[in-house]
Ligand SMILES: *[C@@H]1O[C@H](CO)[C@@H](O)[C@H](O)[C@H]1NC(C)=O
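In UniProt numbering, the protein residues as written are 1 to 245.
Dropping the structure here:
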């Protein structure tokens, strides 16, 4: 009798642990592995602004944000920012309206991480996108979920390998790499007009360059097959200047 009630309480304890482990909300950890300060920007599609829309992240430091279920939105890294005590100011790359606390998206060229939590079948959808260009290496790693939960991100610094015609420079150094669409504005590169479908918009030599630097990122608008990741019940680490894939 005592024995079976012992087994029963163990069963209850397990049920409790299982319940708390798998009902806990999603956690985002933003970490800066760059040798310089990054000012993450965040913009919500559905739900509240996380991290007040933006903040400073010193080299080697990290910050945790807790999105509510069903949250969707994006993160990006801003570089070369100058803000006064009131948060007014701007950044060399990834600049947004609102100063320190973004009220709009980052100005291209900018690398993005995009999330939709609790999508179909309760899956989280996430990707790294270079469709609006590249300013900083960025990656998403799923921690502890179930499903395919692939790593998404960059392995190389594309500012170093950016072709001259796509470079954005500041004080003599390349700080970002424009998308071919932004640089040339043609249907072929922008996937518009007669190139407006997945069938008629193909990779280009430029999108392939982006793909080589960041193999698991969107390099152009219809790059879906290799770029959208899904995971269930996971936390996510978003790394600026990732050193591993
Ligand atoms: C959303 O996903 C989280 C993490 O997977 C889960 O714990 C939560 O129950 C889901 N919420 C809803 C409303 O489906």
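Each residue gets a CB set at the ideal place from its N, CA and C atoms; glycine is no exception.
Nearest candidate by alpha-carbon position, reference residue 173, set 59, 181, 160: 160
Buried or exposed (CB count within 10 angstroms, at least 16 for buried), residue 179: buried
Q) Skipping 5 residues on each side, what residues in its chain have a beta carbon closer than 6 angstroms to that of residue 147? A) 230, 231, 232
Minimum C-alpha distance to residue 219 - residue among 192, 73, 153, 184
153
State the DSSP-derived secondary structure class of residue 244, mapped to helix, strand or coil. coil
Would you identify the three-state DSSP class for residue 21, choosing helix, strand or coil? With a pLDDT of only 47 at residue 21, under 50, the local geometry of the prediction cannot be trusted, and no value is derived from it.
Q) Can residue 75 and residue 129 be called in contact, C-beta distance under 8 angstroms? A) no
**Prompt:** Under the three-state reduction of DSSP, which class applies to residue 151: helix, strand or coil?
**Reply:** coil
Would you mind sorting residue 143 into buried or exposed? The rule is 16 or more other CB atoms within 10 Å of its CB. exposed
Any non-hydrogen atom of ligand 1 within 7 angstroms of residue 26 CB: yes
Item checked: residue 207 versus residue 121 - alpha carbon distance -> Residue 207 and residue 121 have their C-alpha atoms roughly 31 angstroms apart.
Taking only heavy atoms of ligand 1 into account, decide whether any of them is closer than 7 angstroms to the Cβ of residue 105. no
message: Which of the three DSSP states is assigned to residue 230 in this structure?
response: Strand at residue 230.
Exercise for review: Can you tell me which of 71, 228, 60 puts its alpha carbon nearest to the alpha carbon of residue 28?
Suggested key: Minimum Cα distance to residue 28 is reached at 71.
- Query: For the candidate residues 213, 184, 168, whose alpha-carbon lies nearest to that of residue 107?
  - Reply: 168
- Query: Should residue 221 be labelled buried (16 or more other beta-carbon atoms within 10 Å of its own) or exposed?
  - Reply: buried
Check this for me: beta carbons of residue 53 and residue 102, under 8 angstroms apart or not? yes
### Query
ligand 1 heavy atoms versus the CB of residue 117: any closer than 7 angstroms?
yes
Self-check item: heavy atom of ligand 1 below 7 angstroms from residue 67 C-beta
Solution: no
Would you mind stating whether residue 171 and residue 136 have Cβ atoms separated by less than 8 angstroms? no
* Would you identify the three-state DSSP class for residue 107, choosing helix, strand or coil? => In the structure shown, residue 107 sits in coil (DSSP, three-state: anything other than H, G, I, E or B).
Q. In three-state DSSP terms, what is residue 10?
A. Because the pLDDT of residue 10 is 49, which lies under 50, any placement of that residue in the model is unreliable, and the question is left without a value.
Check your understanding: For the candidate residues 236, 155, 223, whose alpha-carbon lies nearest to that of residue 199?
Key -> 223
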